[in-house]
Amino acid sequence: MQADDRVLLIDVENAVGSVRPRPELVRSRVRALVEAAGAVHHVVACYAQDDPAADGVVSVLAELGVAPWPVPSKADAADQALLQHARYVHRRGGRIFTVASGDRQFAVLAELGQLEVLVWEKQPVARNLAKAAGPHLRRLPNVSANGTTSNRANAAVRPAIVESSAEFLPERGKGRGGRLQPTGCSVPAREAGRGFLPAVLTGIGVGIGQRLAAVVMDRRRW
493 MQADDRVLLI
503 DVENAVGSVR
513 PRPELVRSRV
523 RALVEAAGAV
533 HHVVACYAQD
543 DPAADGVVSV
553 LAELGVAPWP
563 VPSKADAADQ
573 ALLQHARYVH
583 RRGGRIFTVA
593 SGDRQFAVLA
603 ELGQLEVLVW
613 EKQPVARNLA
623 KAAGPHLRRL
633 PNVSANGTTS
643 NRANAAVRPA
653 IVESSAEFLP
663 ERGKGRGGRL
673 QPTGCSVPAR
683 EAGRGFLPAV
693 LTGIGVGIGQ
703 RLAAVVMDRR
713 RW
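The numbering of the sequence shown is our numbering, which starts it at 493 and goes up by one.
Have a look at this one:
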């Protein structure tokens with residue numbers, strides 16, 4: 493592995509939000525996390541499962557190209573398994589760890605390289621984890637089982653208007669005839685044009701008159 497290879501570590505219970513999540517919710521949320529992470533070397537998802545015969549998550553993860561890692565139903569078992577894999581990645585040369593979880597245990601990954609955290613909006617995040625991730629903590633739109641996101645989140649991801657082009661945008665006020673006023677204009681453009689054209693013609697006339705007078709005076713001298 494290279495130092496700039498990124499691995500995505502998914503704590504299914506924390507990121508999906510259920511100890512026994514429905515396959516539809518696992519599919520939609522894991523897919524959203526993978527898309528948000530961007531280019532990754534590989535993805536590992538860990539979850540509690542004591543009965544392999546009843547494991548419906550493993551097939552969903554395999555469908556998405558994610559390595560499934562079921563662990564016994566013990567406290568912090570999934571966290572410890574993902575940390576174990578992170579240490580393996582570090583030994584192999586990887587230095588970028590993207591974690592889909594809000595648990596405090598993952599704060600130690602900042603000691604191994606760059607720690608990135610993906611959580612849903614309003615999802616609780618441990619204070620030391622948020623501090624360790626710093627600017628690399630990202631909150632994603634909440635995703636439901638059918639793949640839809642919250643309206644609030646959708647509005648937040650709309651592209652912003654570039655500030656440098658704001659001066660060219662019309663104001664909401666209207667001028668004569670109901671036409672929009674360009675930003676920074678105190679009078680309608682048509683009225684400005686009416687004043688501008690006579691001024692130009694007057695200037696041209698004055699210039700021509702001065703030129704003719706000079707020619708006549710020169711001829712009188714001869």
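Where is the CB? At the ideal position from N, CA and C, for every residue including glycine.
As the structure is a computational prediction, the values presented were derived from the model and not from experiment.
State the CB to CB distance for the pair residue i and residue j, rounded to an integer number of angstroms; the pair is presumed to be in contact (CB under 8 Å).
i, j, result
"Leu574", "Val536", "7 Å"
"Ser565", "Ala507", "Not a contact, Cβ separation roughly 17 Å."
"Leu604", "His582", "5 Å"
"Asp503", "Asp571", "6 Å"
"Leu601", "Leu607", "5 Å"
"Ala529", "Arg587", "Not really, about 15 Å apart at Cβ, beyond 8 Å."
"Ala622", "Asp595", "11 Å between Cβ atoms; not a contact."
"Ala554", "Val563", "The pair is not a contact, with the Cβ atoms about 17 Å apart (cut-off 8 Å)."
For residue i, tell me which candidate among the options has the shortest Cα-Cα distance.
i, options, result
"Val522", "Val591, Leu629, Ala622", "Val591"
"Pro513", "Glu555, Gln541, Met493, Gly626", "Gln541"
"Lys614", "Pro633, Ala625, Ala529", "Pro633"
"Val499", "Val558, Val617, Ala569", "Val558"
"Trp612", "Pro627, Arg631, Gly626, Ala622", "Arg631"
"His533", "Met493, Glu555, Asn638, Pro544", "Met493"
"Leu629", "Ala637, Val635, Pro616", "Pro616"
"Ala449", "Glu516, Cys538, Pro560", "Any answer about residue 449 is impossible in this case: the structure gives the chain only from 493 up to 714."
"Arg519", "Ala624, Lys623, Val552, Ala569", "Val552"
"Gln597", "Ala624, Arg584, Gly585", "Ala624"
"Leu556", "Gly509, Val635, Val526", "Val526"
"Ala531", "Arg584, Asp497, Leu621", "Asp497"
"Ala599", "Gly626, Ala545, Pro562, Trp561", "Gly626"
"Pro560", "Tyr539, Arg579, Ala545, Ala569", "Tyr539"
"Thr640", "Pro544, Arg584, Ala524", "Ala524"
"Val549", "Glu505, Tyr580, Leu501", "Glu505"
Under DSSP, the beta strand (DSSP E) around residue i begins and ends at which residues?
i, result
"Glu608", "606 to 612"
"Ala599", "Neither: Ala599 is in no beta strand (DSSP E) and is coded neither H nor E."
"Leu575", "Counting along the chain, Leu575 falls outside any beta strand (DSSP E), though it belongs to the alpha helix (DSSP H) covering 569 to 583."
"Thr590", "588 to 592"
If you follow the alpha helix (DSSP H) that residue i is part of, which residue opens it and which one closes it?
i, result
"Arg619", "619 to 625"
Quiz prompt | alpha helix (DSSP H) segments (min. 4 residues) lying fully within the region 498 to 562 | solution = Complete alpha helix (DSSP H) runs here, min 4: 504 to 508, 515 to 529, 549 to 555.
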